[in-house]
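Structure first, then comments.
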Amino acid sequence: MYMMLMPRRNYDLFDDFFNDPFFRGEEKRVHPLMRTDIRENENSYVIDVDLPGFEKKDIRIDVDGGYLNINAKTDSSNDEEEKGKFIRRERYYGECSRSFYIGDDVDEDDIKATFKNGILSLEVPKVTEEEKKPEKKYIEIGE
Numbered sequence: 003m004y005m006m007l008m009p010r011r012n013y014d015l016f017d018d019f020f021n022d023p024f025f026r027g028e029e030k031r032v033h034p035l036m037r038t039d040i041r042e043n044e045n046s047y048v049i050d051v052d053l054p055g056f057e058k059k060d061i062r063i064d065v066d067g068g069y070l071n072i073n074a075k076t077d078s079s080n081d082e083e084e085k086g087k088f089i090r091r092e093r094y095y096g097e098c099s100r101s102f103y104i105g106d107d108v109d110e111d112d113i114k115a116t117f118k119n120g121i122l123s124l125e126v127p128k129v130t131e132e133e134k135k136p137e138k139k140y141i142e143i144g145e
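Here the sequence shown is numbered in my numbering, starting from 3 and rising by one per residue.
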């Protein structure tokens, strides 16, 4: 008589199904491009954005309505020069963008940006309560 030893496992189809990262809320829903890390320093926030395959000239950054907008665009026009037929194509060509709310009090001239090795780094200064210039309007009391 031959007996095979196999580890026992309490197998429950439903437990396995609902332990999937999708149901635990752990699945990454961020596009593989523009993955972002945000760090807080004493006087600023540092935003690091992955932009592999892009060049500095392909990236546009602006501030509008309190939002920091990052747009990156690349095209496949250089592929016409290549010879041969693609068997598989996974590299990204197109446009992507992200926006972050930084508030109305940040002056875009104070934001510093660098781009090195496919990583865009932005340093956004913190605005303290003293630096904010609230407009106090007083209402005159009539007679």
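Yeah, the Cβ is synthetic: ideal placement off N, Cα and C, and Gly gets one too.
* Asked: Using DSSP with H/G/I as helix, E/B as strand and the rest coil, what is ASP107?
  -> coil
* Beta-carbon contacts of ARG37 that lie in its chain and below 7 Å, excluding the five residues immediately before and after -> ASP52
* **First through last residue of the beta strand (DSSP E) which encompasses GLU125** => 121-127
* By Cβ distance, which residues of its chain are closer than 6 Å to ARG41, with the 5 residues on each side in sequence left out? -> VAL48
* Asked: What separation, rounded to the nearest whole angstrom, lies between the Cα atoms of PHE102 and LYS114?
  -> 15 Å
* Give the range of the beta strand (DSSP E) segment to which ARG41 is assigned. => 38-42
* Under the DSSP definition of a beta bridge, which residues are partnered with LEU70? -> VAL65, PHE102
* To do: Give every residue of the same chain whose Cβ lies closer than 6 Å to the Cβ of PRO127, excluding the five residues on either side of it in the sequence, and list them in chain order.
  => SER46, ASP112
* To do: Tell me whether LYS58 sits in a helix, a strand or coil according to DSSP, three-state version.
  => helix
* Do ASP60 and THR76 have their CB atoms nearer than 7 Å? -> yes
* **Simplified DSSP state of ASP50, which is helix, strand or coil** => strand
* **7 Å Cβ shell around THR116 - same chain, five flanking residues per side excluded** => SER123
* To do: Verify whether the separation of the beta carbon atoms of GLY105 and GLY55 is less than 7 Å.
  => no
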